[in-house]
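All letters in the first sequence, in the order written, are residues 130 to 591 by our numbering. For every residue, glycine included, the Cβ atom is placed at its ideal position computed from N, Cα and C. Since the model is a prediction, treat every value here as computed from it, not as a measurement.
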Amino acid sequence: MDNTFFTENEKNIPRGTVRTRFAPSPTGYMHVGNLRTALYAYLIAKKHGGTFILRIEDTDKARQVEGAEELIYKTLAQCGIIPDESPKTGGLTPPYIQSERRGIYKQYAEYLVELGGAYRDAESPDVIRQRIPKEGTTSFSDLVFGTITTPNADLDENVLIKSDGLPTYNFANVIDDHLMGITHIVRGSEYLSSTPKYNLLYSAFGWTPPQYIHCPPVMRDKQNKMSKRHGDPSFEDLADEGFLPAAIVNYVALLGWSPGGERELYTLPELEQSFTIEGISKSPSIFDIIKLRYFNSEYIKQLSDEEFRAAAADELNKIAGYAASGENSLIIERLTKPRVDLLSGIAGLWAFLGELPEYDAELFVHAKSKSTPESAAEAIAWLAGALELAESWDNESLTAVMTELAEAHGVKKSVVMWPARIAMAGQAVTPGGATEIAVLLGKSESLRRLNIAAAKLAAGGV
RNA sequence: GGCCCGUUGGUCAAGCGGUUAAGACGUAGGCCUCUCACGCCUGAAUCACGAGUUCGAUUCUCGUACGGGUCACCA
Numbered sequence: 130m131d132n133t134f135f136t137e138n139e140k141n142i143p144r145g146t147v148r149t150r151f152a153p154s155p156t157g158y159m160h161v162g163n164l165r166t167a168l169y170a171y172l173i174a175k176k177h178g179g180t181f182i183l184r185i186e187d188t189d190k191a192r193q194v195e196g197a198e199e200l201i202y203k204t205l206a207q208c209g210i211i212p213d214e215s216p217k218t219g220g221l222t223p224p225y226i227q228s229e230r231r232g233i234y235k236q237y238a239e240y241l242v243e244l245g246g247a248y249r250d251a252e253s254p255d256v257i258r259q260r261i262p263k264e265g266t267t268s269f270s271d272l273v274f275g276t277i278t279t280p281n282a283d284l285d286e287n288v289l290i291k292s293d294g295l296p297t298y299n300f301a302n303v304i305d306d307h308l309m310g311i312t313h314i315v316r317g318s319e320y321l322s323s324t325p326k327y328n329l330l331y332s333a334f335g336w337t338p339p340q341y342i343h344c345p346p347v348m349r350d351k352q353n354k355m356s357k358r359h360g361d362p363s364f365e366d367l368a369d370e371g372f373l374p375a376a377i378v379n380y381v382a383l384l385g386w387s388p389g390g391e392r393e394l395y396t397l398p399e400l401e402q403s404f405t406i407e408g409i410s411k412s413p414s415i416f417d418i419i420k421l422r423y424f425n426s427e428y429i430k431q432l433s434d435e436e437f438r439a440a441a442a443d444e445l446n447k448i449a450g451y452a453a454s455g456e457n458s459l460i461i462e463r464l465t466k467p468r469v470d471l472l473s474g475i476a477g478l479w480a481f482l483g484e485l486p487e488y489d490a491e492l493f494v495h496a497k498s499k500s501t502p503e504s505a506a507e508a509i510a511w512l513a514g515a516l517e518l519a520e521s522w523d524n525e526s527l528t529a530v531m532t533e534l535a536e537a538h539g540v541k542k543s544v545v546m547w548p549a550r551i552a553m554a555g556q557a558v559t560p561g562g563a564t565e566i567a568v569l570l571g572k573s574e575s576l577r578r579l580n581i582a583a584a585k586l587a588a589g590g591v
């Protein structure tokens, strides 16, 4: 058989360009490990001015999951990992979905039989198996793990074409990677032990094998990989919880790769510049959501007011009084940003604005602020009087009023501030201080809450 | 079990024959402060074990232990 028609696509591929691919099966969620593999493949391509390809490996119909392919596109888009060639965009070497390439595999398999690299299974005539030499060894060089040599006797003669006519991963993968001109194969280390078989396939065809970059797994703990089954979060779960995609990408990049220096914060474009294959680790790494939260908090703090408003809109809009005025919005945003590491839960932080929680008079006791039920009752009486007369209701004026009150009565500022805040928020810990909360609440509501506190303290027998 | 791979603090990790063994998260203590958070300072905590090689091993070699991967008509 003539080999030339098979290589039609190859002539399209510019020589010398790096081409990498992410080749997921549409079987469900996008796991953190998967995402990292995609990221590394993308970064290696970009680092070298190359091409990043998305190929869908759907040769196992049984494992197909509805909507899984869309989720892959969506996730990559959210992360900014944009394929240069994909089923959607097309490219130099179409098609990019394996089920649309079935004819190709069959032809190559038959060609391989002619070449002596494969044969038909004796028991099942439609099945084609790889022929593996009985003697000798096969070596390949991995850019992460170094040179690995395996005795051919340890290699199985696996099925290349199944009885349904579709190829197995073992075969489709090699054919596609070659036809698509993939120069660097980035994948999980679970493929390390079958790589010699793939190299044997390459040499049986007379092709040059690609560079291999096998990545160690992302673990949930010392002995288990992360898995949906164990309840470990997928990318989507994390995003839903309020993690920013940029923070996830940054954290995941560093899980199993080190730039070498002390810097940890990298945007995607910065990673594209800095990524190195040498920095990829050989040993598995454990996913630490606590550290991810740290990255997330850093990214949240770096958001501009506009970006924060957009990212946290759902939560912010649940806050009572948030949209009441531009000033309110700004106060809430600025107070929230430095104290959250997750977007979800922001509204909960401010729930007291909507409704004064039930609280106990004990809350007015705070040693460090020198606040006692007696001093609190006094301070609240002063406050009610002074605030009633207040003409301007902004942070500066309120701070001035409260400080002057404290000075006039010869007490620490906190003796006034503490009870004021407790009275207005009804809880010990709040985002923002007494004056900011008063501004958000507005004059009448603030005074109403002050009165409630006064009554509460009076009832307490003070 | 065979074969392959790995092993630096609780976690991510730097290191690539000679270092007080970086840094980050977390943690402990402190400072700042109208609470909390932010920010800042300080501390505790690591080379799996045993043999070699070497003047000298966290770094090189071998073995042991432990962990992972793989041995499908799944990818």
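Here the alpha carbon of alanine 452 sits roughly 18 Å from the alpha carbon of glycine 561. For alanine 515, the enclosing alpha helix (DSSP H) has its first and last residue at 502-518.
Distance check between valine 161 and each of Asn524, Gly232, Val378, Glu399 places Val378 closest, using alpha-carbon atoms only. DSSP places glutamate 286 outside both helix and strand once states are collapsed to three, so it counts as coil. Inside the segment 349-416, DSSP marks whole alpha helix (DSSP H) runs of 4 or more residues at positions 364-370, 374-383, 397-403, from first to last along the chain.
In this structure the segment 440-449 does not lie against the segment 295-304, because fewer than three pairs of beta carbons, one per stretch, are closer than 8 Å. In this structure proline 413 does not touch phenylalanine 493 by the C-beta definition: roughly 53 Å separates them, more than the 8 Å allowed. For alanine 480 and glycine 474, the gap between their C-alpha atoms comes out near 10 Å.
For threonine 465, the closest C-alpha among the options Leu485, Lys430, Lys499 is that of Lys430. Arginine 192 places its beta carbon less than 8 Å from that of threonine 156.
Between the segment 409-425 and the segment 346-353 there are three or more C-beta pairs closer than 8 Å, enough to call the two in contact. For isoleucine 311, no alpha helix (DSSP H) segment is defined, and its DSSP state is neither H nor E.
For alanine 247, the uninterrupted beta strand (DSSP E) run begins and ends at 247-249, by DSSP. The continuous alpha helix (DSSP H) containing leucine 421 extends over residues 418-431. Our two residues, glycine 265 and glutamate 199, have alpha carbons roughly 45 Å apart in a direct line. In chain order, Arg349, Met355 place their CB closer than 7 Å to the CB of aspartate 361, counting only its own chain and leaving out the 5 sequence neighbours on each side. Per the Cβ contact rule, the segment 303-322 is in contact with the segment 214-231 (3 or more Cβ pairs under 8 Å).
In this structure, DSSP gives proline 296 an extended state, which the three-state scheme calls strand.
Counting C-beta pairs closer than 8 Å gives three or more between the segment 552-566 and the segment 481-490, which meets the contact rule. Beta-bridge analysis with DSSP links phenylalanine 151 to Leu183.
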